[in-house]
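Positions 1 to 513 (UniProt numbering) are the ones given, in order, by the sequence shown. Even for Gly, the Cβ is constructed at its ideal location relative to N, Cα and C. None of the values given here were measured: they were computed from a predicted structure. Below you'll find the structure, written out as structure tokens, and then a few comments.
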Amino acid sequence: MWSFYTWTLFLFTGLITAVFFYVKSQFSFWSRRGVHCRKPHWFFGSLGDFQAGKLALPELLLDLYKESKGQRFAGIWEFYSPELVVLSPDLIQDILVRDFATWSSRGVTVNLDVDPLAANLVNLDGKKWKVVRSKLTPTFTSGKLKLMQNLLLECSREFMDHLNRVTTADQMVEVRELSAKYSTDVIGSCIFGIQMNSLRDENSIFREIGKKIFPSSRIKTICKTVQLHFPWLFRLLKLSTRTREVTEFFISLTKANFKYREEKNERRNDFMDLLRDLKNTEEPIDEDDIEFNDELLAAQAFIFFGAGFETSSSTLSFCLHELAANKNLQDRLRDEVRRTKAKMDGDITWDGLRDMKYLDMVFQETLRKYPPLPILVRTSVKPYRIPDTDVVLPEGTGCVVPIYALHHDPEYYPDPQKFDPERFAEKRKSQRSPFTYLPFGGGPRICIGLRFAEQQVKLSIFQLIDNFEISLCEKSKHPLQLNHKAGFLQPIGGIWLRLSRSIVSNSNVRSDK
1 MWSFYTWTLF LFTGLITAVF FYVKSQFSFW SRRGVHCRKP HWFFGSLGDF
51 QAGKLALPEL LLDLYKESKG QRFAGIWEFY SPELVVLSPD LIQDILVRDF
101 ATWSSRGVTV NLDVDPLAAN LVNLDGKKWK VVRSKLTPTF TSGKLKLMQN
151 LLLECSREFM DHLNRVTTAD QMVEVRELSA KYSTDVIGSC IFGIQMNSLR
201 DENSIFREIG KKIFPSSRIK TICKTVQLHF PWLFRLLKLS TRTREVTEFF
251 ISLTKANFKY REEKNERRND FMDLLRDLKN TEEPIDEDDI EFNDELLAAQ
301 AFIFFGAGFE TSSSTLSFCL HELAANKNLQ DRLRDEVRRT KAKMDGDITW
351 DGLRDMKYLD MVFQETLRKY PPLPILVRTS VKPYRIPDTD VVLPEGTGCV
401 VPIYALHHDP EYYPDPQKFD PERFAEKRKS QRSPFTYLPF GGGPRICIGL
451 RFAEQQVKLS IFQLIDNFEI SLCEKSKHPL QLNHKAGFLQ PIGGIWLRLS
501 RSIVSNSNVR SDK
């Protein structure tokens with residue numbers, strides 16, 4: 001009869017053998033299908049350099065992109081999970097648009113019982129995503145955005161007033177943190193109907209909560225890694241990538257906002273009014289329908305706050321850095337600003353801002369060089385045969401669209417490290433596939449708030465260029481170096497610039513009457 005130790009050794013040996021053959025099978029996934037891939041690390045898969053802090057994830061995928069140039073797709077592993085990397089604009093269009101029904105999921109694992117904010121538009125899939133998306137879309141129509149113009153203008157005036165207070169001649173400022181505070185105030189006003197005062201109050205609770213949204217501690221970083229790469233373990237341990245403080249803050253804020261507006265019978269025609277209307281009018285018809293309760297609505301408010309302030313502030317600060325490093329472009333943009341104000345009798349209107357062609361080119365080139373989300377991820381909800389091949393991918397296969405790599409491909413954007421707004425002149429744009437430029441994603445899951453972000457950032461650039469001369473300073477790093485551990489494009493050491501008050505400026509701005 002076998003002893004306890006013999007049984008233990010037998011079971012341990014069996015477990016190790018099973019794991020060995022499982023890993024071997026996973027790591028032969030792409031070779032069995034004849035797909036180009038890079039030899040994986042035994043544990044990290046294709047992400048070894050990223051996990052070791054040697055390369056940022058977009059830089060790692062850029063290396064793979066260059067290595068695989070000429071092919072439509074390649075294979076990688078996130079730890080032991082094989083994922084398709086799409087390299088061809090035509091195949092990207094297939095996955096994001098033509099075959100969206102197969103690739104509609106983002107494949108994010110959530111534990112709603114411990115993290116109700118995870119039920120947001122970014123994470124939702126299937127019917128629930130479709131219903132919530134259709135209900136939220138009316139918030140960002142041209143008519144609704146035009147109504148928000150006054151709120152944006154109030155925030156931009158406060159931003160300029162703050163800069164005039166804190167800057168002196170040749171003042172050096174860290175514009176990334178300033179942009180984050182400004183974006184927090186904009187979203188507070190336009191989305192929540194609350195004056196957040198992040199610019200004036202160094203201890204603003206909203207700015208402090210904003211810093212806590214994205215994992216920064218070692219524990220939360222580990223939780224995020226487990227969520228993305230070991231979803232079964234994430235579910236088993238009932239983990240969350242957010243602190244209880246953040247979750248309770250947004251649920252309490254949403255409930256209090258609803259209660260105040262109900263009691264005061266107040267409407268602002270903003271995002272919170274839309275959420276309140278959904279709560280009061282949407283009733284589930286059957287057990288499969290969606291109940292728009294406080295937690296689900298708070299999750300939508302949360303994602304607009306978190307994703308909105310980070311992407312907008314990032315775009316604004318990167319744009320200011322490039323304009324500081326390219327004074328000729330800054331001067332050309334300032335000329336357009338002054339001409340536009342002259343046409344509008346010293347004012348700037350919604351339509352005037354939208355008609356500024358060079359400002360639009362500068363905005364688009366900033367997003368080309370510094371896409372806020374450097375990759376798109378999708379997961380197949382059923383088996384998929386890659387068009388014009390015999391390669392069949394099973395249900396649940398992950399897919400990566402390397403946006404940063406596409407935006408830095410010299411075939412589409414010659415000398416990609418050069419900041420050149422002329423790339424987005426109409427004639428040159430028309431010569432490129434639209435699927436070589438995806439700063440807000442593409443297809444039905446394209447960013448719902450992209451026009452709001454565009455409106456906010458363009459108005460900020462307009463005001464800053466009108467009121468200040470912007471230049472590099474002693475603390476500036478050019479070119480910028482990316483933080484290898486950040487999920488977003490994040491420069492090491494921030495973005496330091498010198499702001500000098502412009503001699504000729506007139507910041508008298510107003511909205512359309």
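| Query | Result |
| --- | --- |
| Here's the rule I'm using: 16 or more other beta-carbon atoms within 10 Å means buried, otherwise exposed. How should Asp466 be labelled? | buried |
| For Asp474, count neighbouring C-beta atoms within 10 Å of its own C-beta (all shown protein chains included) and say buried if the count is 16 or more, exposed if not. | Sequence inspection shows Glu at residue 474; the Asp mentioned does not correspond to that position. Glu474 should be labelled exposed. |
| Report the CB separation of Arg242 from Thr109 in whole angstroms; it is logged as a contact under 8 angstroms. | The pair is not a contact, with the Cβ atoms about 14 angstroms apart (cut-off 8 angstroms). |
| Between which two residues does the beta strand (DSSP E) harbouring Gln171 extend? | Gln171 to Glu174 |
| Beta-carbon within less than 7 angstroms of Leu87's beta-carbon, same chain only, minus the 5 sequence neighbours each way: which residues are those? | Tyr65, Ser68, Gln71, Arg72, Phe73 and Ala74 |
| Would you mind listing the alpha helix (DSSP H) stretches within the segment 95–141 that are 4+ residues and don't spill past its ends, in chain order? | 126–136 |
| Using 7 angstroms as the threshold, is the C-beta distance between Arg106 and Val377 below it? | yes |
| Asp270 and Gly210: beta carbons closer than 7 angstroms? | no |
| Which two residues bound the contiguous beta strand (DSSP E) that contains Glu474? | That residue, Glu474, is in no beta strand (DSSP E); it is neither H nor E in DSSP. |
| What residues match up with Tyr384 in a beta bridge as DSSP calls it? | Leu393 |
| Do the CB positions of Phe462 and Val337 come within less than 7 angstroms of each other? | yes |
| Are the segment 126–143 and the segment 437–453 touching by the rule of at least three beta carbon pairs closer than 8 angstroms? | yes |
| What whole-angstrom Cβ distance do Leu329 and Leu320 have, given they're in contact under 8 angstroms? | That belief does not hold up - the Cβ atoms of Leu329 and Leu320 are roughly 12 angstroms apart, past 8 angstroms. |
| Can you list, in chain order, the residues of its chain whose CB lies under 7 angstroms from that of Gly14, leaving out five sequence neighbours each side? | none |
| Does DSSP put Ile76 in a helix, a strand or coil? | strand |
| Extract the residue ranges of the alpha helix (DSSP H) inside the segment 45–74, only unbroken runs of 4 or more that lie entirely within it. | 48–51 and 57–67 |
| Just mark Gly308 as buried or exposed, buried being the case when its beta carbon has 16 or more other beta carbons within 10 Å. | buried |
| Could you tell me which whole alpha helix (DSSP H) segments of length 4 or greater appear in the segment 420–455? | 426–430 |
| Tell me which same chain residues have a C-beta within less than 6 angstroms of the C-beta of Ser183, skipping the five on either side of it? | Phe309, Ser312 and Ser313 |
| Taking only the alpha-carbon atoms, compute the straight-line gap between Arg423 and Gly396 and give it to the nearest angstrom. | 37 angstroms |
| If you draw a straight line from the C-alpha of Glu266 to the C-alpha of Ala256, how long is it? | 13 angstroms |
| Could you have a look at Arg339 and say whether DSSP puts it in helix, strand or coil? | helix |
| Cα-Cα, which of Lys144, Ala119, Leu145 and Lys146 is closest to Arg133? | Ala119 |
| Run the CB neighbour count on Asp351, radius 10 Å, all protein chains shown included, and call it buried at 16 or more, exposed below. | exposed |
| Closer than 7 angstroms by C-beta to Val114: which residues in its own chain qualify, once you throw out the five before and the five after it? Chain order, please. | Lys238 and Ser240 |
| In whole angstroms, what is the alpha-carbon distance linking Glu426 and Tyr358? | 11 angstroms |
| So, is Leu233 buried or exposed, given that buried needs 16 or more other C-beta atoms within 10 angstroms? | exposed |
| Could you pull the DSSP bridge partners for Arg501 from this structure? | Phe468 |
| Does Leu11 pass the burial test, meaning 16 or more other C-beta atoms within 10 Å, or should it be called exposed? | exposed |
| Quick one, which of Ile251, Leu9, Glu208 and Val35 has its alpha-carbon nearest Glu83's? | Val35 |
| Please state whether DSSP places Pro89 in a helix, a strand or coil. | helix |
| If we count the other Cβ atoms within 10 Å of its Cβ and call it buried at 16 or more, is Ile348 buried or exposed? | buried |
| Buried or exposed: where does His478 fall if 16 or more other Cβ atoms within 10 Å of its Cβ makes it buried? | exposed |
| Counting along the chain, where does the beta strand (DSSP E) carrying Ser378 start and finish? | The residue you asked about is not Ser; residue 378 is Arg in the sequence shown. Its beta strand (DSSP E) spans residues Leu376 to Thr379. |
| Whose C-alpha, out of Leu472, Ile76 and Thr366, is nearest the C-alpha of Lys458? | Thr366 |
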